[in-house]
Every structure is written in C-alpha cells, then in structure tokens.
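Have a look at the structure below, then the notes.
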Amino acid sequence: MLVLDGKLVSGSVKESLKAETTALLEKGYRAPHLAAILVGTNGASETYVASKVKNCEDIGFVSSLVRLDENVDEATLLSTIAQLNADPGVDGILVQLPLPKQINEHKVIEAIDPRKDVDGFHPSSAGKLMQGLPSFIPATPYGIMLMLEFFNLPTKGKHAVVIGRSNIVGRPMSILLSSNIPGGNCTVTVCHSHTPNLKEICLQADILVAALGRPEFVKADMVKPGAVVIDVGITRVDDPTAKKGFRIKGDVAYAEVAPLSSAITPVPGGVGLMTIAGLLKNTLQAYKTNNGIV
Ligand code: GUN
Numbered sequence: 002m003l004v005l006d007g008k009l010v011s012g013s014v015k016e017s018l019k020a021e022t023t024a025l026l027e028k029g030y031r032a033p034h035l036a037a038i039l040v041g042t043n044g045a046s047e048t049y050v051a052s053k054v055k056n057c058e059d060i061g062f063v064s065s066l067v068r069l070d071e072n073v074d075e076a077t078l079l080s081t082i083a084q085l086n087a088d089p090g091v092d093g094i095l096v097q098l099p100l101p102k103q104i105n106e107h108k109v110i111e112a113i114d115p116r117k118d119v120d121g122f123h124p125s126s127a128g129k130l131m132q133g134l135p136s137f138i139p140a141t142p143y144g145i146m147l148m149l150e151f152f153n154l155p156t157k158g159k160h161a162v163v164i165g166r167s168n169i170v171g172r173p174m175s176i177l178l179s180s181n182i183p184g185g186n187c188t189v190t191v192c193h194s195h196t197p198n199l200k201e202i203c204l205q206a207d208i209l210v211a212a213l214g215r216p217e218f219v220k221a222d223m224v225k226p227g228a229v230v231i232d233v234g235i236t237r238v239d240d241p242t243a244k245k246g247f248r249i250k251g252d253v254a255y256a257e258v259a260p261l262s263s264a265i266t267p268v269p270g271g272v273g274l275m276t277i278a279g280l281l282k283n284t285l286q287a288y289k290t291n292n293g294i295v
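When the letters of the sequence shown are read in order and numbered with the numbering used here, they come out as residues 2 to 295.
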C-alpha cells in the first residue's frame with residue numbers, strides 16, 4: 002500500500018513555483034499577489050486562511066488578508082471585492098467559505114472578477130471547466146489531479162466513484178476525472194445523500210474519492226481490495242485528550258481501509274496540503290495571464 006504523501010507532492014509543487022517566482026523577480030517583475038477575505042472568526046476558516054497566507058510567503062508571493070466582522074453586511078463585502086477587482090496589484094482573490102447567513106454566497110462568488118477567480122468557484126470558471134476550456138480549477142480537485150499525476154496512478158478506463166456533489170469538490174472532481182485529460186478518462190459515478198445503494202457502488206470503485214464531510218464514513222466493507230482511496234474530509238472532532246481539544250478526522254476510516262487499498266491519502270497530510278498547492282498554481286496562472294507573461 003502506497004501512502005499518497007501530500008507533503009511530498011505539495012513540497013515539489015511549491016519548489017517549482019518558488020523557482021519560477023524567483024526567476025520573475027530577477028527579471029524585474031513584481032511578485033504575484035493573493036488577497037484573501039475572511040469574514041468572522043470561524044476556527045477552521047482561520048486555520049485555512051493562515052495556512053494559505055503562510056504558503057504564499059514561503060514561495061515569494063505577496064499575500065494580504067482582509068478581515069471583516071461576522072456581522073458585516075453584504076454590500077460592504079461586495080464593495081471590498083470591487084476594490085480588489087480594480088486593484089492592478091492584486092492577481093488573485095479568494096473569499097473563504099462558508100459565509101455568515103446574512104450573506105448570499107452566490108452573489109459574492111459572482112462579484113469576483115473571473116480573471117482573479119483563483120478558487121475557480123465563479124460560474125464562468127465552472128462553465129469553462131465543464132466545457133474543457135482553460136480555466137481556474139477549484140483548488141482541491143486540482144490538487145488531487147496533481148497528486149494522481151505525481152504518483153503516476155493510472156486513471157484511463159478506471160471506474161471512479163466520487164461521494165459528494167459540492168461545487169467546491171465533488172462536482173468539479175467528477176468532471177475532471179471524466180475529462181479527456183491526463184489523470185482523467187475515468188468512468189465516473191457521483192454518489193450523494195440520496196444514493197440508496199452507496200456501499201455496492203463504492204465497492205465497484207477503482208478510485209474512490211470521499212468528499213462528504215462525515216468523519217470515518219468510508220469503512221473497509223465499502224472498499225474494493227486494491228482501490229485508490231482519496232480522502233477529502235477534514236472535520237474537527239472534539240477530543241479532550243488532544244492538545245487543541247479536537248482532532249482532524251477524514252471521511253475514511255484510515256486504519257481499516259489503508260491495508261486494503263493500493264494507495265491512500267492520509268488525513269492530515271494528504272489532500273489538505275494539495276489544496277494549497279492548487280491555489281498557489283492558480284494564483285501564478287492568474288498573475289501571468291493578467292500581466293501578459295507567457
Ligand atoms: N472553504 C472550504 N474549502 C474552501 C476553498 O477551497 N476555498 C475557499 N475560499 N473556501 C473554502
């Protein structure tokens with residue numbers, strides 16, 4: 002069984018992005034700039050955004066974090082986005098999700114200039130992805146594709162089962178896996194909360210992607226021996242014995258599934274790190290496209 006080490010792959014992606022950034026700076030270009038907007042103080046969102054900012058700094062990008070109050074109104078958030086859209090020194094914009102109830106998430110996503118949509122959540126990016134046109138790929142599915150590629154895991158003709166149909170992971174993942182691209186050409190089944198025979202379908206998977214957000218949902222009796230298992234879950238589960246009072250759990254019961262699988266991503270240390278790698282790649286792509294750098 003091969004452990005799909007996100008640290009190894011994201012480290013390699015970051016190294017090449019850092020080299021490319023250094024070369025751009027040496028030529029006199031400015032550094033790529035990612036702007037993140039964080040609304041409120043959700044603990045998990047704080048952690049993710051801090052990690053995104055730190056990773057930008059690691060590779061020589063500029064990052065700025067705009068913090069808005071939990072009770073901010075939609076108009077203020079939209080005008081913050083408009084300012085970043087208009088700023089030629091900002092290459093990529095992300096608004097950390099989820100957002101508080103008073104804010105319409107779709108409106109916010111649609112307010113981001115598609116040329117700076119490094120999360121790939123704008124309907125323009127999603128539509129392009131669906132039609133096989135060049136676009137920003139949402140960071141988590143992008144990171145998973147990079148991981149499949151890095152480890153040379155065969156996908157052509159395989160049956161991939163994706164559990165989850167979110168706009169952030171499940172749906173774009175299913176499109177990529179079925180596309181005629183490296184890491185694609187799978188036959189894809191998408192499962193969700195209304196799928197009655199989930200276990201039987203999962204048992205048919207050569208590649209199983211668990212992205213439903215339910216800790217340790219995928220058990221050994223749902224996995225075909227030799228399957229490649231990709232765990233997208235990162236749920237905080239209370240644990241008074243842990244230093245922080247919680248532990249991060251994936252959607253896969255790792256201890257029982259790992260011995261069965263041919264390859265599996267650990268949690269933490271798997272897909273989470275690849276999400277950052279995907280975001281950084283999108284940010285450099287936005288920078289180059291918007292500044293006419295080939
Ligand atoms: N919330 C959970 N995942 C993501 C992500 O990839 N991007 C943003 N902006 N918010 C998220």
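Glycine included, every Cβ here is placed at the ideal spot set by N, Cα and C.
Residue i vs residue j beta-carbon contact at 7 angstroms
| i | j | result |
| --- | --- | --- |
| Lys250 | Val238 | yes |
| Val224 | Val191 | no |
| Met2 | Ser262 | yes |
| Leu303 | Leu18 | No statement about residue 303 is possible, as the shown extent of the chain runs from 2 to 295 and does not include it. |
| Leu5 | Ala140 | no |
| Val258 | Ala221 | yes |
| Gly270 | Lys53 | no |
| Val253 | Phe151 | no |
| Val189 | Ser180 | no |
| Pro135 | Ser125 | no |
Other residues of its chain near residue i: CB distance less than 6 angstroms, five sequence neighbours each side excluded
| i | result |
| --- | --- |
| Val321 | Any property of residue 321 remains undetermined from this structure, which presents the chain solely from 2 to 295. |
| Arg166 | Arg172, Val191 and His193 |
| Phe122 | Ile110 |
| Val63 | Ala32 and His34 |
Close Cβ partners of residue i (< 7 angstroms) along its chain, the five nearest in sequence each way excluded
| i | result |
| --- | --- |
| Lys117 | Asn86, Val91, Asp92, Gly93, Ile94 and Ala287 |
| Pro142 | Val170, Pro173, Met174 and Leu177 |
| Leu149 | Thr156 and Gly184 |
| Leu304 | Outside the displayed range of the chain (2 to 295) lies residue 304, so it cannot be described from this structure. |
| Thr23 | Gly61 |
| Phe247 | Arg237, Val238, Asp239 and Asp240 |
Reference residue i, options the options, closest by Cα
| i | options | result |
| --- | --- | --- |
| Thr236 | Tyr49, Thr22, His34 and Arg166 | Tyr49 |
| Ile145 | Arg68, Ile208, Lys19 and Ala32 | Ile208 |
| Phe218 | Ala256, Lys53 and Asp240 | Ala256 |
| Val40 | Ala51, Arg68 and Lys102 | Arg68 |
| Asn1 | Cys203, Asp222, Gly133 and Ala211 | Residue numbering for the chain in the displayed model covers 2 to 295; residue 1 lies beyond these limits and cannot be assessed. |
| Cys57 | Gly293, Lys282 and Val295 | Lys282 |
| Ile182 | Ala211, Leu147, Pro197 and Ala212 | Leu147 |
| Glu16 | Val54, Tyr30, Asp59 and Gly7 | Asp59 |
| Ala45 | Leu199, Leu98 and Asn291 | Leu98 |
N-terminal and C-terminal residue of the beta strand (DSSP E) that residue i is part of
| i | result |
| --- | --- |
| Arg248 | Phe247 to Lys250 |
| Ser65 | Val63 to Leu69 |
| Val40 | His34 to Val40 |
| Ile294 | No beta strand (DSSP E) contains Ile294, which DSSP labels as neither H nor E. |
| Leu149 | Careful: Leu149 lies outside any beta strand (DSSP E), inside the alpha helix (DSSP H) at Ala140 to Phe151. |
| Ile94 | Gly93 to Val96 |
Sequence-distant residues of its chain with Cβ nearer than 8 angstroms to residue i (five each side left out)
| i | result |
| --- | --- |
| Met131 | Ile176 |
| Ala76 | none |
| Lys102 | none |
Run of the alpha helix (DSSP H) containing residue i, from where it starts to where it stops
| i | result |
| --- | --- |
| Val50 | Gly44 to Asp59 |
| Thr196 | Unbroken run through Thr196: none, as it is neither H nor E. |
| Arg31 | That residue, Arg31, is in no alpha helix (DSSP H); it is neither H nor E in DSSP. |
Test: residue i CB closer than 7 angstroms to a CB of chain D
| i | result |
| --- | --- |
| Asn198 | Absent from the structure is chain D; it holds one protein chain and no more. |
Sheet register partners of residue i (DSSP bridge)
| i | result |
| --- | --- |
| Leu209 | Val162 and Val230 |
| Ala24 | None; Ala24 has no bridge partner. |
| Asp239 | Phe247 |
Residue list, Cβ distance to ligand 2 heavy atoms smaller than 6 angstroms: This structure lacks ligand 2; the ligands present are ligand 1.
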